[in-house]
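As structure tokens, the structure follows; a few thoughts come after it.
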Amino acid sequence: MKGDLRNGVYVGLVVMLYACIVVVQLEAALETKTCFQRKSPCFLKKQTCPKQCPSFSPPNGSTKACVIDCFNPICKATCRNRKPNCNGKGSACLDPRFIGGDGIVFYFHGKRDEHFALISDVDFQVNARFIGLRPNGRARDFTWIQSLGLIFCPNSKTFSLEATKAEKWDHQVDHLRLSYEGKEISLPKGDTSVWSPPLGDYIKIERTSDINSVLVTLQDIAEIWINVVPVTKEDDIIHKYGIPEDDCFAHLEVQFRFLKLSSNVEGVLGRTYKEDFKNPAKPGVAMPVVGGEDKYRTASLLETSCNACVYSGGSRSLDKIEPLLLNQNTVDCTGGSSSGVGIFCRK
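Everything in the sequence shown is counted per UniProt numbering, starting at 1 for the first residue and increasing by one.
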């Protein structure tokens with residue numbers, strides 16, 4: 001009897017020791033980052049990833065990644081989906097449907113084959129090229145975001161990303177084309193493939209799936225989740241787009257997460273982050289359209305001039321928006337320990 005009891009105690013101690021070792025190993029595997037933004041309430045505070053998403057750059061097949069929000073008062077890392085969330089702040093999807101920094105949904109039609117500034121701030125700008133078509137009897141174009149052009153850092157480096165034209169959508173084909181400083185770059189297929197310039201660390205591009213999805217990071221400025229999708233036959237039927245047989249209108253779903261913005265920020269989406277912005281989108285309307293085509297039209301994808309643009313190549317210093325205004329929702333409404341920071345999804 002005493003021998004059985006002694007054996008039981010021994011087994012219990014072994015199990016407890018093994019459990020402690022496993023816990024230590026798991027905690028050691030959790031990645032951490034420290035916030036170094038001085039205006040952040042989390043300045044110099046270390047944030048550790050949750051067990052549900054232990055890595056900022058998870059391995060192939062992972063659906064969620066760890067993110068930190070230095071302007072979140074609780075100063076805790078959270079999980080988020082690795083693709084754009086089209087139902088959250090900072091998103092631009094569909095034809096195109098935006099959700100502003102104020103959380104209000106609005107549509108901006110623009111015009112096909114023209115370019116518009118989505119974000120224009122003192123030290124960076126993001127333009128978009130719209131593609132589209134106009135069926136007979138319709139007064140305006142149906143439009144989608146086909147490409148993005150980024151201008152950033154003091155010497156105005158440029159990066160562009162586009163969804164390539166496709167007659168038929170093929171899920172096995174990569175429909176992304178990337179260029180840095182006017183030269184096409186190669187980003188190997190495969191989840192977690194990463195590219196950054198050989199000199200300088202202002203920008204990083206990493207795949208968030210084997211093909212057609214990437215995360216673009218502008219250091220200390222913004223994170224941009226991008227996904228390439230076609231206009232589906234179902235959407236064509238529902239919305240009566242009139243999509244031709246020889247073009248599936250491959251386009252971008254985009255979601256922005258800003259790390260800093262100036263109080264003068266402008267752009268189709270950027271203006272919605274200003275403290276004094278009053279969104280003209282009418283509540284209760286099925287598709288509230290907000291204008292601004294003349295204010296935000298640019299001559300090309302990488303042109304920084306427009307009637308309301310404020311980009312100055314980082315040569316001027318502007319007071320930044322108070323940190324709490326950039327506290328962006330990092331809680332995923334789809335359930336689980338994930339987040340959805342800004343999204344564009346189907347209507």
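A virtual CB, placed ideally from N, CA and C, is assigned to each residue, including glycine. Given the structure is predicted, the values throughout are model-derived calculations rather than measurements.
Straight-line gap, residue i to residue j (C-alpha atoms, nearest Å)
| i | j | result |
| --- | --- | --- |
| G182 | T304 | 16 Å |
| A29 | D210 | 24 Å |
| L302 | D123 | 14 Å |
| G267 | Q219 | 20 Å |
| V285 | F130 | 24 Å |
| C49 | S55 | 7 Å |
| T34 | P154 | 25 Å |
| Q25 | Q52 | Bear in mind that a pLDDT of 40 at Q25, under 50, signals an unreliable position, so the model cannot answer this. |
| F116 | Q146 | 12 Å |
| residue 351 | I203 | Because the chain in this structure spans residues 1 to 347, residue 351 falls outside the shown range and cannot be described. |
| P230 | K45 | 42 Å |
| T164 | C306 | 26 Å |
| L259 | C70 | 8 Å |
| T217 | T78 | 18 Å |
| K282 | C248 | 32 Å |
| D236 | N136 | 15 Å |
| T143 | Q125 | 21 Å |
| P198 | T298 | 30 Å |
| E275 | A128 | 24 Å |
| L178 | E184 | 6 Å |
| Y296 | E114 | 11 Å |
| I238 | L150 | 33 Å |
Beta-carbon gap between residue i and residue j smaller than 8 Å
| i | j | result |
| --- | --- | --- |
| Y273 | G101 | yes |
| Y107 | P288 | yes |
| D170 | K189 | no |
| G270 | D121 | yes |
| E162 | D246 | no |
| R97 | V105 | yes |
| L133 | V254 | no |
| Y180 | F152 | no |
| G110 | E234 | no |
Identified DSSP bridge partners for residue i
| i | result |
| --- | --- |
| Q47 | K33 |
| A128 | F116 and L148 |
| C66 | C79 |
| T217 | K204 and E223 |
| A163 | L176 |
| Q255 | S91 and W225 |
| I185 | L178 |
Pick from the options that is closest to residue i, judged by C-alpha positions
| i | options | result |
| --- | --- | --- |
| L252 | L176, Q219 and W195 | L176 |
| P84 | P135, P41 and F256 | F256 |
| G90 | G103, L150 and P96 | G103 |
| C66 | P135, N72 and S57 | S57 |
| E223 | I205, I237 and T232 | I205 |
| D191 | V214, S263, C42 and Y296 | V214 |
| I99 | V228, V290, C306 and T143 | V290 |
| D141 | D95, P198 and Q172 | D95 |
| E31 | F43, I68 and K39 | I68 |
| I221 | P41, G313, L261 and P73 | L261 |
| W225 | N212, T232 and N136 | N212 |
| V228 | P41, A250 and I238 | A250 |
| residue 351 | A308, H239 and K295 | Residue 351 lies beyond the residue range present for the chain, which begins at 1 and ends at 347; the question has no answer from this structure. |
Residue i Cβ short of 7 Å to the ligand ADP heavy atom set
| i | result |
| --- | --- |
| F256 | In terms of ligand content, the structure shown is empty, and the ligand ADP therefore cannot be addressed. |
Minimum Cβ-Cβ distance from residue i to chain C less than 8 Å
| i | result |
| --- | --- |
| E181 | You won't find chain C in this structure, because it holds only one protein chain. |
Nearest-angstrom Cβ-Cβ length linking residue i and residue j, presumed shorter than 8 Å
| i | j | result |
| --- | --- | --- |
| C75 | Q47 | 6 Å |
| K64 | N81 | 6 Å |
| R207 | S193 | 5 Å |
| L118 | A139 | Actually they do not touch by this definition, with Cβ atoms about 24 Å apart. |
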